[in-house]
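Chains as they are written, first to last, in the working numbering: chain A, 1 to 289; chain B, 290 to 558. Beta carbons: idealized from backbone N, C-alpha and C, even for Gly. To start, the structure itself, in structure tokens.
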Amino acid sequence: MNSYKEKLFKGITYTASLLAIVILMAIIYSLFREGLPLFKVTRLSDFIFGSAWYPTHAIPEFGALTLIAGTLSVTLGALIIAVPLGLGSAVFISEIASPRLREIAKPLIELLAGIPSVVYGLFGMAFLAPLIRDWFNLDTGLNVLSTSIILGIMIVPIIASMSEDALSNVPKNIREASLALGATRMESITRTIIPAAKSGILGSVLMGFGRAIGETMVVLMVAGGSAQIPGSIFDSIRPLTSTIAAEMGETVMGDLHYRSLFALAILLFLLTFITNLFTELVFLKRSKR
Amino acid sequence: MKKTYIILALLTLAAILPIFGKGNQLTCSGSTTVLPIAQATAEAFMDLHPEVNISIRGGGSGVGIAALQNGTVQIANSSRRMKSKEIAAAKAKGINPTPYAVANDGIAMVLHKSNPVKNLTIAQIKSIYTGKIKNWKDLGGANLPIVVISRDVASGTFEVFNEKALAGAKVESSAQLLASNNAIVSTVGSTPGAIGYVGLGYVTADVKICTVNNVSPSETTVKNQSYPLSRQLYMYTNGKAKGDAARYLLFIQSAAGQAIVKKQGFISL
């Protein structure tokens, strides 16, 4: 009887994990099946390095460089904002705050991660963008800076929470050894504890990067949507995700424009896949140690 | 945003209705601009003829036309005339697309309320959207950079604007592309140097309409086509409309149908 139950349980969990993998494979397969035919018409180098995105023009052009530049600029901007904030709050919660404050602060920061992205987008569009426009006396507040700030705030909880885990997991003997050798609290945090938690912190940053690069709603609402390579942080841009979201609704299934959007999705998939792979390797390295 | 909800609601309806429907099924899909007209007239028509069941989907003019070509819908809604390429593709499949005008619509050029510019010529609009004129002072306005706002290139409104105002020229790459008429109105309304274009039915008090070639978009100027950015909205059927489709199209073109068209913010035939 017991062994029967054991087997059933094993079977259910096995099927569940197998199904997840099968579905993932099916998604990847359909992505490539729908997207790759574009390259019968457009050269791969023109697609990646071409800077003219005119998919519905009489002579269509599919140059994704401006879209890639848009995605990378706001993702980088988000990291510049989120890494100091996230790491700072992680150090405070893990090393400096009293146990009671820690009990309150940690769940609170994790709660931030649960806010739907459309709410962040609305906030950015209705409050932050006009503010930025007036502060810097710009023509439009829908630009790289506003988008980076919103995306940055979105990924702070990811970086803070995962970095805090990594810092708390630093073994007690390392901390005590450091203090015993006469290091001050600050020296021991910056020279001993953070280096010891290095791979966990790096993993959290890569995780935040992956989240920011795939975010769609916020960039659709706040980035402005100009397909250009940004010359400054005050230019509007058009990331890969918002291009797919905005244009997919009105394309005809199977035509060239439809294929080109799937090709963009392949690019995006490869970018996030490589990031996740990298994250995985960083974590594997840590757990082996 | 509002449009998205309407589309979602319609999609749900479209999925549920066939379960309950006993009568004759009529399916149409296509332009999101024509969607409110199709929806409102279909409701009124089904009140008069409960035995007919009309389901309506959005998706865009191109999607509706493709669906008509594939024979999956009886009526394709389109905010533009079919392209010769699309007609040829339909004929190759044995489909003979026939247009029925259902309403008139004007594309209004909208500016921020503080902008003193009152009129733009088609040539000036083209220069603005292709990036040749970059400051309002070249157009008799203040010394203020122009923020060019356009619709997504996949929308029917963009296609008509592209054909009538830009003669097929490419919009400069620094133009902001927004996803809906509503988004354009709210962005232009809050950006002093902005210029945008929207369907006449979407203009609100937050923005200022500027005349084009000294003609203001009104019921008369759109009807007699003297306003340069006017268009007709169509429903396409395969061959001459028959049966329920014919009755539905006749209803839209009737006085009662056209009253609904006006109520939706469009201009009657």
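- Tyr-29 (chain A) and Leu-145 (chain A) have their C-alpha atoms spaced approximately 36 Å apart.
- Contact of Arg-238 (chain A) with chain B by beta-carbon distance below 8 Å involves Leu-466.
- Interface annotation for the segment 33 to 56 of chain A against chain B: Tyr-54, Pro-55 and Thr-56, criterion Cβ-Cβ distance under 7 Å.
- Exposed is the label assigned to Gln-514 (chain B), since fewer than 16 other Cβ atoms lie within 10 Å of its Cβ.
- In the three-state reduction of the DSSP assignment, Tyr-523 (chain B) falls in the strand class, which pools E and B.
- When only Cα atoms are considered, Gly-70 (chain A) and Ile-155 (chain A) end up about 18 Å apart.
- Rounded to whole angstroms, the separation of the alpha carbons of Phe-278 (chain A) and Leu-489 (chain B) is 51 Å.
- By the Cβ test, the segment 65 to 80 of chain A is in contact with the segment 198 to 215 of chain A, since at least three Cβ pairs between them sit closer than 8 Å.
- By the beta-carbon neighbour count (other beta carbons within 10 angstroms, threshold 16), Ile-48 (chain A) is exposed.
- Proximity of Val-492 (chain B) to chain A, defined by a Cβ-Cβ separation below 7 Å, is not satisfied.
- Comparing alpha-carbon positions, the option among B:Val-391, B:Gly-395, B:Ala-356 and B:Asn-393 lying closest to Ile-376 (chain B) turns out to be B:Ala-356.
- Close partners of Glu-247 (chain A) in chain B (Cβ separation under 8 Å): Asp-441, Val-442 and Ala-443.
- Bounds of the alpha helix (DSSP H) holding Val-219 (chain A) are 217 to 222.
- Distance from the CA atom of Leu-108 (chain A) to the CA atom of Thr-526 (chain B), rounded to whole angstroms, is 58 Å.
- If you draw a straight line from the Cα of Phe-334 (chain B) to the Cα of Leu-558 (chain B), it comes to about 18 Å.
- Residues of chain A whose Cβ lies closer than 7 Å to the Cβ of Val-352 (chain B) are, in chain order, Glu-250 and Val-252.
- Looking from the CA of Ile-150 (chain A), the closest CA among A:Leu-79, A:Ile-93, A:Leu-181 and A:Leu-44 belongs to A:Leu-79.
- Residues of the same chain with a CB within less than 7 Å of the CB of Ile-411 (chain B), apart from the 5 flanking positions on each side, are Ala-454, Val-501, Asn-502 and Pro-517 in chain order.
- By the Cβ neighbour-count rule, Val-91 (chain A) is buried, with 16 or more other Cβ atoms within 10 Å of its own.
- Look at Val-474 (chain B) here: in three-state DSSP terms it is helix.
- In the three-state DSSP reduction, Leu-44 (chain A) falls in the helix class (H, G or I).
- With respect to Ala-483 (chain B), Val-436 (chain B) sits close: the two C-beta atoms are nearer than 7 Å.
- Cα atoms of Ala-197 (chain A) and Leu-268 (chain A): separation of roughly 30 Å, rounded to the nearest angstrom.
- Among the residues of chain A, none has a CB under 8 Å from the CB of Gly-488 (chain B); the nearest is roughly 15 Å distant.
- The Cβ atoms of Ala-327 (chain B) and Ile-345 (chain B) lie closer than 7 Å to each other.
- Contact annotation, Val-362 (chain B) with Thr-316 (chain B): C-beta distance approximately 5 Å; criterion of less than 8 Å satisfied.
- The contact set of Pro-130 (chain A) on chain B, defined by CB atoms closer than 7 Å, consists of Ser-479 in chain order.
- Ala-126 (chain A) is classed as exposed because its beta carbon has fewer than 16 other beta carbons within 10 Å across all chains shown.
- Three or more Cβ pairs drawn from the segment 129 to 145 of chain A and the segment 229 to 246 of chain A lie within less than 8 Å of each other, which places the two stretches in contact.
- The way I'd put it, the segment 490 to 498 of chain B does touch the segment 393 to 401 of chain B; three or more beta-carbon pairs between them come closer than 8 Å.
- Note: Ala-390 (chain B) is bridge-paired with B:Tyr-523 in the DSSP secondary-structure output.
- In chain order, Gln-465, Leu-466 and Leu-467 make up the part of chain B whose C-beta sits under 7 Å from the C-beta of Gly-225 (chain A).
- Here Ile-541 (chain B) is near Val-391 (chain B), since their CB atoms are less than 7 Å apart.
- Gly-488 (chain B): member of the beta strand (DSSP E) spanning 483 to 488, first to last residue.
- When the Cα atoms are used, Leu-271 (chain A) and Ser-479 (chain B) turn out to be separated by approximately 35 Å.
- If you check each beta-carbon in the segment 156 to 175 of chain A against every beta-carbon of chain B, none falls closer than 9 Å.
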